[in-house]
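Scroll down for the structure; my scribbles are underneath it.
Numbering (our numbering), first residue to last: 85 to 240.
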């Protein structure tokens, strides 16, 4: 199936499914990890993904989608702080640094996917929603990278 065949509602549903998958990933890791700091980070990441899911569901409600997409998107800068870092598999022994790297890479992947879908979309309305979602994912990556910078790049 081509993404051009999707309705706007189906596009939003696709995004909701990605947010649910991310939430479920962080939640499943939360059950495995013993470190309390990492548990807190995973709990926060899962809650953020759940918030994204709820936000997208609001966009599906009558009229909300059109109103939201008419606002000009804020420019978001990709900090690229974690782009060069190697992502380790997340398991019960994952530390905060590994979780942040994995989360940033996941957000970067989602951003790249939505950007590619926006560029490939024949329908302008669908392209706009993919651009909106790409910007949201880049904002999430930026927030994670700022935390990473505070924890691992700043001198004491």
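We put the CB at the ideal spot given by N, CA and C, even for glycine. Computed from a prediction, not measured in an experiment: that's the story for all the values here.
Drop a sphere of 10 angstroms on the beta-carbon of residue 132, count the other beta-carbons inside from all chains shown, and report buried for 16 or more, exposed for fewer.
The residue labelled residue 132 in the question sits at position 48 within the chain shown. By the 10 Å Cβ count, residue 132 comes out buried.
CB residue 187 to CB residue 129, shorter than 9 Å?
Translated into positions along the chain shown, residue 187 becomes position 103. Translated into positions along the chain shown, residue 129 becomes position 45. The answer is yes: Cβ separation under 9 Å.
What three-state label does DSSP hand residue 178 in the structure shown?
As a working mapping, residue 178 is identified with position 94 in the chain shown. Coil.
Exposed or buried, what is residue 103 when buried is set at 16 or more other beta-carbons lying within 10 Å of its beta-carbon?
Counting from 1 along the chain shown, the entry for residue 103 is found at position 19. Classification of residue 103: buried, given that the 10 Å Cβ count is 16 or more.
How far does the alpha helix (DSSP H) with residue 97 in it reach, from first residue to last?
Along the chain shown, read from residue 1 onward, the residue named residue 97 stands at position 13. Segment 92-116, the alpha helix (DSSP H) holding residue 97.
Would you mind giving the Cβ-Cβ distance between residue 118 and residue 206, rounded to the nearest angstrom? I have them listed as a contact below 8 Å.
In the chain shown, counting from the first residue as 1, residue 118 sits at position 34. In the chain shown, counting from the first residue as 1, residue 206 sits at position 122. Not really, about 49 Å apart at Cβ, beyond 8 Å.
I'd like the list of long-range same chain contacts for residue 161, defined as Cβ closer than 8 Å, with 5 residues on each side in sequence excluded.
Taking the first residue of the chain shown as 1, we reach residue 161 at position 77. These residues qualify, in order along the chain: 226.
Spatial neighbours of residue 171 within its chain, please: CB distance less than 7 Å, with the 5 preceding and 5 following residues excluded, ordered by chain position.
In the chain shown, the residue the question calls residue 171 occupies position 87. Contacts found: 185, 186, 189.
Would residue 99 and residue 198 be called neighbours here (beta carbons separated by less than 9 Å)?
Locating residue 99 in the chain shown gives position 15, where the first residue counts as 1. Locating residue 198 in the chain shown gives position 114, where the first residue counts as 1. Cβ atoms of residue 99 and residue 198: closer than 9 Å.
On the DSSP letters alone, give me the boundaries of the alpha helix (DSSP H) that residue 224 sits inside.
Start at 1 with the first residue of the chain shown, and residue 224 comes out as number 140. Element bounds for residue 224: 208-236.
Taking all protein chains shown into account, do 16 or more other C-beta atoms lie within 10 angstroms of the C-beta of residue 221, making it buried, or fewer, making it exposed?
Position 137 of the chain shown holds residue 221. By the neighbour-count rule (16 or more Cβ atoms within 10 Å), residue 221 is buried.
Could you give the DSSP three-state label for residue 89: helix, strand or coil?
Within the chain shown, numbered from 1, the residue matching residue 89 stands at position 5. Residue 89 falls in the helix class under three-state DSSP.
For residue 141, I'd like the list of residues in its chain whose CB is within less than 7 Å of its CB, leaving aside the five on either flank, ordered along the chain.
Mapped onto the chain shown, residue 141 falls at position 57. Excluding positions up to five away in sequence, the list reads 100.
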